[in-house]
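This report refers to the structure that appears directly beneath it.
Number of protein chains: 2
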Amino acid sequence: MQIEIAAKRLAELGHATRLEIFRYLVKGGKTGVPVGEIQSALGVPGSTLSHHITRLVNVGLVVQRREGRTLYCVPQYTELDALVAFLQDECCINETTDST
Amino acid sequence: MQIEIAAKRLAELGHATRLEIFRYLVKGGKTGVPVGEIQSALGVPGSTLSHHITRLVNVGLVVQRREGRTLYCVPQYTELDALVAFLQDECCINETTDST
DNA sequence: AAGTTATTTCTAGTATTATCGAAATAAGAA
DNA sequence: TTCTTATTTCGATAATACTAGAAATAACTT
């Protein structure tokens with residue numbers, strides 16, 4: 001992953017409300033969680049919530065799927081895994097290159 | 001780790017220049033890297049660099065140690081590990097609770 | 001069509017962040 | 001003590017982000 005993309009995704013997760021949203025989605029599983037459920041669970045005003053979700057969508061960490069009136073938010077596990085992998089590969093001690 | 005702290009650290013890493021700084025420090029090893037070396041390696045103006053380093057220090061991801069005129073920046077591996085662990089534990093699919 | 005529910009877009013005020021030159025500080029060297 | 005090196009703090013400007021009420025849109029129900 002390029003550093004620019006990693007930085008963008010980290011920045012979006014670097015906001016308490018958005019991090020809570022993402023965590024809530026992850027707990028909700030692969031089918032996704034309706035926006036309204038996030039709203040009542042976290043107690044965030046609709047317009048504010050929509051703004052934060054849009055940001056998560058913009059960096060590819062969340063995808064939305066509509067079913068009738070309900071919009072489901074689906075966390076993109078693969079993207080988060082890649083981000084975690086980036087941190088581990090690029091920003092943690094690489095023991096294999098280290099001489100004991 | 002509390003979500004507030006995690007969010008703060010993610011936010012600080014969520015800036016391309018700061019992420020590059022941190023990555024450079026990690027590559028530099030446990031003894032740390034002088035500010036001046038980061039400056040010439042990344043080509044960032046001194047005042048701007050100082051600002052970014054201060055932010056990393058403020059969230060505990062970097063510690064500074066002075067040796068004469070030279071200030072060494074030391075990446076805090078433990079803190080990054082904790083952050084990565086937070087993401088994996090709280091924001092990734094927990095396979096163990098999943099019925100296979 | 002009119003009403004209801006679910007969610008977004010608009011708008012605007014406030015706050016935080018990024019940037020970097022210039023001046024200031026810290027510390028060793030002459 | 002003066003000079004040089006290393007780095008920070010100050011100050012000012014521009015840009016971006018946060019928040020949330022109100023209005024708009026999307027889609028189902030009656």
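In the order they appear, the protein sequences are chains A and B.
At the far end of the first sequence sits residue 100, using the numbering used here, and the numbering has no gaps.
At the far end of the second sequence sits residue 100, using the numbering used here, and the numbering has no gaps.
Quick reminder that beta carbons are idealized off the backbone N, C-alpha and C, glycines included.
Bear in mind the structure is a predicted one, so any value in this text is a computation, not a measurement.
request  = Identify, in the order they occur along the chain, each residue of the same chain with its Cβ nearer than 6 Å to the Cβ of residue 1 of chain A, setting aside the five sequence neighbours on each side.
outcome  = 82 and 86
query = Mind checking if residue 61 of chain A is an interface residue toward chain B, Cβ cutoff 7 Å exclusive?
reply = no
Proximal residues to residue 13 of chain A (C-beta, below 6 Å), its chain only, five neighbours per side dropped = 19
message = At the 7 Å Cβ level, is residue 71 of chain A part of the contact set with chain B, yes or no?
response = no
key: Segment contact, 8 Å Cβ cut-off, at least three pairs: the segment 33 to 47 of chain A with the segment 53 to 67 of chain B   = They do not touch, by the three-pair rule.
key: residue 5 of chain B in three-state terms, based on DSSP   = Residue 5 of chain B: helix per DSSP, three-state reduction.
Contact set between the segment 72 to 93 of chain A and chain B, restricted to residues whose Cβ is under 9 Å from the partner = 75, 77, 80, 81, 83, 84, 87, 88, 90, 91, 92 and 93
key: chain B contacts made by the segment 25 to 42 of chain A, where a contact means CB separation under 7 Å   = Taking 7 Å as the Cβ-Cβ cut-off against chain B, the residues of the segment 25 to 42 of chain A that qualify are 26.
task = Check whether the Cβ atoms of residue 32 of chain B and residue 84 of chain B lie closer than 7 Å to each other.
result = no
Opening and closing residue of the alpha helix (DSSP H) in which residue 91 of chain B lies = Element bounds for residue 91 of chain B: 77 to 91.
ask   = So the beta strand (DSSP E) residue 63 of chain B belongs to, where does it begin and stop?
value = Per DSSP, the unbroken beta strand (DSSP E) holding residue 63 of chain B starts and ends at 62 to 67.
ask   = Between residue 25 of chain A and residue 35 of chain A, which are expected to be in contact by the criterion C-beta below 8 Å, what is the C-beta distance as a whole number of angstroms?
value = 11 Å between Cβ atoms; not a contact.
message = Run through chain A and tell me which residues come within less than 7 Å of residue 49 of chain B, C-beta to C-beta.
response = Neighbours of residue 49 of chain B on chain A: none; closest Cβ ~16 Å, over 7 Å.
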